[in-house]
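Protein sequence lines, in the order shown, are assigned to chains A and B.
Count the first sequence with the numbering used here and you get residues 8 to 377, in order.
Count the second sequence with the numbering used here and you get residues 4 to 601, in order.
Think of the CB as a built atom: it goes at the ideal place given N, C-alpha and C, for glycine as much as any other residue.
Below is one structure, written out as structure tokens, with a few remarks after it.
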Amino acid sequence: MSQGLETFYDVIRRRGVSRRSFLKFCSLTAASLGLGPAAASQMAHAMETKPRIPVIWLHGLECTCCTESFIRSAHPLVSDVLLSMISLDYDDTIMAAAGHQAEAILEETLEAHRGNYILAVEGNPPLAEDGMFCIPGGEPFVNKLKRMASGASAVIAWGSCASWGCVQAAKPNPTQATPIHKVVTDKPVIKVPGCPPIAEVMTGVLTYMLTFDQMPALDRQGRPKMFYSQRIHDKCYRRPHFDAGQFVESWDDDNARKGYCLYKMGCKGPTTYNACSSVQWNDGVSWPIRSGHGCLGCSEEDFWDRGSFYSRLEDIDGFGVEANADEIGMAAAGAVGVGIAAHAAASAVKRVIQKPDSHTRRPHDGSDQA
Amino acid sequence: MTTMVTPNAANLDASGRRVVVDPVTRIEGHLRLEVNVDDDNVIRNAVSTGTMWRGIELILQGRDPRDAWAFVQRICGVCTGTHALTSVRAVEDALGIEVPENANTIRNMMQLALYVHDHLVHFYHLHALDWVDVVSALSADPKATSELAQSLSDWPLSSPGYFRDLQSRLKKFVDSGQLGPFKNGYWGHPAYKLPPEANLMAVAHYIEALDFQKEIVKIHAIFGGKNPHPNWLVGGVPAPINLNGTGAGTGGITMDRLNIVSDIVERCIQFTEQVYLPDLKAIASFYKDWGAIGGGLASLNVLSYGDMPARANDYSADSLELPRGAIVGGDLSKIHEVDLRDPSEIQEFVSHSWYSYEDEGKGLHPWDGVTEVNYDPGPGFKGTREKIENFDESAKYSFLKAPRWKGHAMEVGPLARYIIGYAQGNPEFKEPVDKLLTDLDVPLEAIFSTLGRTAARGLECQWAAHKLKAYHQKLLATIKAGDTSTANTQKWKPETWDADVKGVGFTEAPRGALGHWIHIQNGKIANYQAVVPTTWNGSPRDPQGNIGAYEASLLDTKMHDPHLPLEILRTIHSFDPCLACSTHVMSPDGQETKVTVR
Numbered sequence: 008m009s010q011g012l013e014t015f016y017d018v019i020r021r022r023g024v025s026r027r028s029f030l031k032f033c034s035l036t037a038a039s040l041g042l043g044p045a046a047a048s049q050m051a052h053a054m055e056t057k058p059r060i061p062v063i064w065l066h067g068l069e070c071t072c073c074t075e076s077f078i079r080s081a082h083p084l085v086s087d088v089l090l091s092m093i094s095l096d097y098d099d100t101i102m103a104a105a106g107h108q109a110e111a112i113l114e115e116t117l118e119a120h121r122g123n124y125i126l127a128v129e130g131n132p133p134l135a136e137d138g139m140f141c142i143p144g145g146e147p148f149v150n151k152l153k154r155m156a157s158g159a160s161a162v163i164a165w166g167s168c169a170s171w172g173c174v175q176a177a178k179p180n181p182t183q184a185t186p187i188h189k190v191v192t193d194k195p196v197i198k199v200p201g202c203p204p205i206a207e208v209m210t211g212v213l214t215y216m217l218t219f220d221q222m223p224a225l226d227r228q229g230r231p232k233m234f235y236s237q238r239i240h241d242k243c244y245r246r247p248h249f250d251a252g253q254f255v256e257s258w259d260d261d262n263a264r265k266g267y268c269l270y271k272m273g274c275k276g277p278t279t280y281n282a283c284s285s286v287q288w289n290d291g292v293s294w295p296i297r298s299g300h301g302c303l304g305c306s307e308e309d310f311w312d313r314g315s316f317y318s319r320l321e322d323i324d325g326f327g328v329e330a331n332a333d334e335i336g337m338a339a340a341g342a343v344g345v346g347i348a349a350h351a352a353a354s355a356v357k358r359v360i361q362k363p364d365s366h367t368r369r370p371h372d373g374s375d376q377a
Numbered sequence: 004m005t006t007m008v009t010p011n012a013a014n015l016d017a018s019g020r021r022v023v024v025d026p027v028t029r030i031e032g033h034l035r036l037e038v039n040v041d042d043d044n045v046i047r048n049a050v051s052t053g054t055m056w057r058g059i060e061l062i063l064q065g066r067d068p069r070d071a072w073a074f075v076q077r078i079c080g081v082c083t084g085t086h087a088l089t090s091v092r093a094v095e096d097a098l099g100i101e102v103p104e105n106a107n108t109i110r111n112m113m114q115l116a117l118y119v120h121d122h123l124v125h126f127y128h129l130h131a132l133d134w135v136d137v138v139s140a141l142s143a144d145p146k147a148t149s150e151l152a153q154s155l156s157d158w159p160l161s162s163p164g165y166f167r168d169l170q171s172r173l174k175k176f177v178d179s180g181q182l183g184p185f186k187n188g189y190w191g192h193p194a195y196k197l198p199p200e201a202n203l204m205a206v207a208h209y210i211e212a213l214d215f216q217k218e219i220v221k222i223h224a225i226f227g228g229k230n231p232h233p234n235w236l237v238g239g240v241p242a243p244i245n246l247n248g249t250g251a252g253t254g255g256i257t258m259d260r261l262n263i264v265s266d267i268v269e270r271c272i273q274f275t276e277q278v279y280l281p282d283l284k285a286i287a288s289f290y291k292d293w294g295a296i297g298g299g300l301a302s303l304n305v306l307s308y309g310d311m312p313a314r315a316n317d318y319s320a321d322s323l324e325l326p327r328g329a330i331v332g333g334d335l336s337k338i339h340e341v342d343l344r345d346p347s348e349i350q351e352f353v354s355h356s357w358y359s360y361e362d363e364g365k366g367l368h369p370w371d372g373v374t375e376v377n378y379d380p381g382p383g384f385k386g387t388r389e390k391i392e393n394f395d396e397s398a399k400y401s402f403l404k405a406p407r408w409k410g411h412a413m414e415v416g417p418l419a420r421y422i423i424g425y426a427q428g429n430p431e432f433k434e435p436v437d438k439l440l441t442d443l444d445v446p447l448e449a450i451f452s453t454l455g456r457t458a459a460r461g462l463e464c465q466w467a468a469h470k471l472k473a474y475h476q477k478l479l480a481t482i483k484a485g486d487t488s489t490a491n492t493q494k495w496k497p498e499t500w501d502a503d504v505k506g507v508g509f510t511e512a513p514r515g516a517l518g519h520w521i522h523i524q525n526g527k528i529a530n531y532q533a534v535v536p537t538t539w540n541g542s543p544r545d546p547q548g549n550i551g552a553y554e555a556s557l558l559d560t561k562m563h564d565p566h567l568p569l570e571i572l573r574t575i576h577s578f579d580p581c582l583a584c585s586t587h588v589m590s591p592d593g594q595e596t597k598v599t600v601r
């Protein structure tokens with residue numbers, strides 16, 4: 008860490024925040040992460056003693072929805088993140104400098120902060136045509152990505168592009184868009200998938216790393232367990248309607264207005280690991296199912312190539328809420344090629360749903376990451 | 004052959020020093036600019052290169068057209084929603100689906116919320132640092148800053164203590180040596196003209212706008228479940244309305260949700276009128292010289308499709324809230340009609356784009372568009388394959404195609420819309436322009452400029468905030484009249500569709516005219532083409548040698564120091580570039596035609 012940098016506590020105090028408010032912030036942050044009171048004091052101590060960590064945020068093939076989501080964060084406010092928590096030294100989307108002045112920051116970071124900065128990546132590198140389908144700064148993005156990853160203390164893959172490939176990697180993947188863990192192989196990549204990820208999930212992961220100076224616990228696929236270990240379906244407030252066999256049959260029908268389950272309209276909640284049904288979106292105002300549309304499964308690998316968003320999932324595995332992504336992954340890994348059998352102890356749904364249509368799928372098998 | 008005159012009357016001289024700006028930051032996506040400056044540091048040649056390609060139209064082939072909105076929405080997460088809306092309109096056009104009145108109203112509200120959000124974020128977070136010197140704010144007098152702020156607006160966050168506190172925090176931030184996003188900025192550059200007090204006020208509003216923008220998009224979250232990338236539906240909108248029946252309050256559109264929308268709408272109007280517009284006027288008053296810089300094609304050729312249908316399913320100019328039409332050759336007395344279905348009107352060329360057509364001398368209408376990528380910078384580029392130094396504009400040099408309307412390069416965006424609205428004499432657009440011109444004491448010609456582009460966006464943000472309120476009231480009135488329908492499902496199932504149909508959908512994205520063309524065969528997408536605003540504005544040259552809006556706008560601009568590209572950033576940012584949008588499209592054909600050389 009560079010010397011002479013101010014700590015988070017110094018910064019927040021000079022922004023006029025009292026010590027009492029600071030401690031309250033730590034408690035709330037700890038609580039929002041599902042951590043106890045001891046963690047709150049640990050967090051306070053960490054923030055009192057650490058300078059702001061440099062963050063380099065690179066953009067490959069992407070749509071900038073991850074940056075847009077990040078700036079929606081309400082807890083903490085993104086203005087506080089930018090001014091008080093991290094030192095966002097490079098991010099094409101908001102940085103003042105351009106051209107040579109921007110690129111100089113990358114080289115300076117490699118020299119001055121080697122081993123001490125976080126590399127955050129939005130989008131992914133295309134490998135076809137020697138990488139020439141994405142050439143910011145006049146060079147293939149994949150080269151810049153590898154160079155900046157070489158000196159990073161940690162690498163975060165923001166969103167489904169960096170984590171899985173996302174829309175440009177959907178079949179036939181014309182540019183050979185490739186998730187970053189396939190090219191950054193010498194250090195762990197923290198995957199924060201979603202298209203985009205929820206703002207508070209992004210700032211939650213970052214805050215956890217800054218506060219505790221450690222990687223978040225990851226599942227076998229590299230996703231933080233704190234946000235990606237349960238399915239949308241596990242915590243869906245419409246789950247009782249699923250269990251009771253009460254379904255929306257057609258858009259805007261009486262059942263839709265009553266808030267029944269969207270499973271028959273193609274909802275991918277039963278096979279999607281994300282925090283939408285618990286953290287919710289945009290400061291908790293809503294989330295897709297609450298607003299009447301099924302889950303697209305946007306945090307899952309290759310969700311674009313799993314049939315129509317309006318095709319019903321054929322098999323609903325019957326794991327309870329206690330199941331996590333690892334267990335599903337392992338179960339699926341043991342059943343590669345045959346899919347997941349319908350769970351015998353399933354709820355009433357199995358008796359009331361109509362004959363499934365021909366589209367079939369199975370939960371993500373987790374075989375991608377060793 | 005370093006000098007030439009283009010058919011659209013630009014004098015190009017590539018003999019001077021070549022300057023590269025890459026990456027162009029504070030935009031969406033990846034853009035490169037190369038310019039040649041003469042001995043007086045005046046830009047005499049400009050080359051705009053889109054440096055990314057994703058191929059989304061190829062990915063769409065063979066998919067369910069009802070899914071297309073989700074794919075194309077991922078073309079852009081900044082103007083999130085507008086591609087999805089354009090897509091559902093294209094599919095509905097192809098399949099002959101009419102949407103309920105409430106669906107049209109809600110779609111308009113989502114589009115208008117996007118306008119308010121996108122324009123606000125552009126002004127403060129993508130553009131302001133071109134005009135506002137953050138470091139200069141450190142030497143401001145907080146009391147004088149307060150007096151300045153209070154002389155401009157009733158916005159309550161304006162006390163001397165507020166600005167003193169902000170300045171103190173800013174000073175410690177700068178003193179820490181960790182400047183974060185402000186690192187290596189152009190602070191102290193002589194082109195910054197604002198007094199320290201105006202800089203301090205603008206920095207305060209930069210932070211306030213960052214905190215406020217997340218509120219605006221809650222409208223998307225309520226109607227579409229999330230933002231960025233809310234959910235849409237072919238045939239209507241996914242959110243049902245239930246204010247007073249069994250299950251009301253459990254989801255969809257409910258009374259408490261409508262109250263949140265109502266609050267946000269009022270705050271949008273308030274922030275726009277008490278912060279954004281006063282800042283815009285105050286800042287512009289110090290940069291009136293930019294009313295004569297950066298005009299490019301704006302005084303010649305502008306295009307708008309129009310948007311926000313007042314009546315559901317009526318996309319005629321008469322129904323559209325935003326003006327529709329084209330102006331050519333600067334003749335404001337003649338508004339040309341625009342037909343997106345006419346194969347001779349909108350065409351895309353690839354003679355200077357990294358795509359292949361059978362005949363590259365010709366353009367292709369999007370329904371006939373092809374997408375065959377061909378990265379080939381030609382023999383004349385400088386550098387190596389892995390490290391480009393200069394592209395060669397006489398060869399192919401961009402992943403953007405060159406769209407043309409009846410052969411003309413066109414500027415699109417808020418300024419184009421306001422010029423057309425002004426020329427039509429529509430008071431919704433003409434009166435605010437006239438008032439702003441009077442307040443700034445500048446002539447009408449000043450709108451054809453970098454300053455005009457930035458000002459039009461601010462005026463449009465205010466317009467959109469008020470329209471948002473109007474459509475919210477319309478939604479309430481329609482519900483009160485007993486109509487709560489939000490989706491038409493008569494043609495939801497593919498078996499109800501004709502076997503071979505084509506459709507076109509359009510919107511005005513915040514950045515300008517956006518069209519999607521779709522061909523559906525046997526229930527699947529056979530071809531899909533999008534022609535987007537930044538492709539119009541940032542386009543490379545066409546076979547005739549016409550230059551696009553970005554390139555034209557940079558010509559004749561004098562730079563203080565070509566090594567510091569502040570003047571280039573000002574003009575290019577005034578377009579609000581969105582490269583992920585623009586660099587995925589394809590279309591056909593053409594053999595290279597020599598430009599006039601002298």
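- Excluding five sequence positions before and after residue 130 of chain B, the CB atoms of its chain that fall closer than 6 Å to its own CB belong to 576, given in chain order.
- Residue 144 of chain A reaches chain B at 25, 26, counting residues in chain order whose Cβ is nearer than 7 Å.
- Shown in chain order are the members of the region 40-60 of chain B whose Cβ falls below 8 Å from a Cβ of chain A: 54, 55, 56, 57, 58, 59.
- Among the residues facing chain A, residue 74 of chain B is included, as its CB has a counterpart in that chain under 8 Å away.
- Taking all protein chains shown into account, residue 51 of chain B has 16 or more neighbouring C-beta atoms within 10 Å of its C-beta and is therefore buried.
- Cβ proximity to chain A below 8 Å picks out 378, 386, 388, 389, 390, 391, 392 from the region 378-394 of chain B.
- For residue 293 of chain A, a Cβ of chain B is located within less than 8 Å of the residue's own Cβ.
- The Cβ of residue 278 of chain B sits no closer than 8 Å to any Cβ of chain A.
- Between residue 239 of chain A and residue 269 of chain A, the C-beta gap is not smaller than 8 Å, which leaves the two residues out of contact.
- Its Cα nearest to that of residue 21 of chain B, the residue B:37 stands out among B:37, B:141, B:7.
- In this structure residue 210 of chain B does not touch residue 76 of chain A by the C-beta definition: roughly 19 Å separates them, more than the 8 Å allowed.
- Remark: C-beta atoms of residue 450 of chain B and residue 408 of chain B do not approach each other more closely than 8 Å.
- Distance from the Cα of residue 88 of chain B is smallest, within the candidate group B:312, B:549, B:457, for B:312.
- With 16 or more other Cβ atoms inside 10 Å of its own Cβ, residue 106 of chain A counts as buried.
- In the assembly as shown, residue 156 of chain B is a buried residue. Its beta-carbon has 16 or more other beta-carbons within 10 Å.
- Excluding sequence positions up to five before and after residue 386 of chain B, its CB lies within less than 6 Å of the CB of 392, all in the same chain and listed in chain order.
- DSSP places residue 505 of chain B in the strand class (E or B) of the three-state scheme.
- Within the region 132-143 of chain A, the residues whose Cβ lies closer than 7 Å to any Cβ of chain B are, in chain order, 136, 137, 139, 140, 141, 142, 143.
- In this structure residue 167 of chain A touches residue 306 of chain A by the C-beta definition: roughly 6 Å separates them, less than 8 Å.
- Counting along the chain, residue 64 of chain A sits inside the beta strand (DSSP E) bounded by residues 60-66.
- Using a CB distance below 7 Å, the part of the region 66-100 of chain B facing chain A consists of 67, 69, 70, 73, 74, 77, 78, 79, 80, 81, 83, ordered along the chain.
- Rounded to the nearest angstrom, the Cβ distance from residue 80 of chain A to residue 209 of chain A is 7 Å, consistent with a contact under 8 Å.
- Sequence-distant partners of residue 422 of chain B (beyond 5 residues in either direction) whose C-beta falls short of 6 Å from its own C-beta, in its chain, are 305.
- Check the Cα spacing between residue 45 of chain B and each of B:34, B:56, B:14, B:54: the tightest is with B:14.
- Counting only the Cα atoms, residue 203 of chain A lies some 30 Å from residue 356 of chain B.
- No Cβ of chain B is located within less than 8 Å of the beta carbon of residue 155 of chain A.
- With distances taken between CA atoms, residue 54 of chain B lies nearest to B:32 out of B:48, B:67, B:32.
- Contact between the region 93-110 of chain A and the region 225-241 of chain B is absent: fewer than 3 CB-CB pairs across the two stretches fall below 8 Å.
- Taking a Cβ-Cβ threshold of 7 Å, the residues of chain A close to residue 490 of chain B are 258, 259, in chain order.
- Ranking B:461, B:274, B:554, B:556 by CA distance to the CA of residue 159 of chain B puts B:274 first.
- The C-alpha of residue 242 of chain B lies about 8 Å from the C-alpha of residue 259 of chain A.
- Judged by DSSP in its simplified three-state form, residue 277 of chain B adopts helix.
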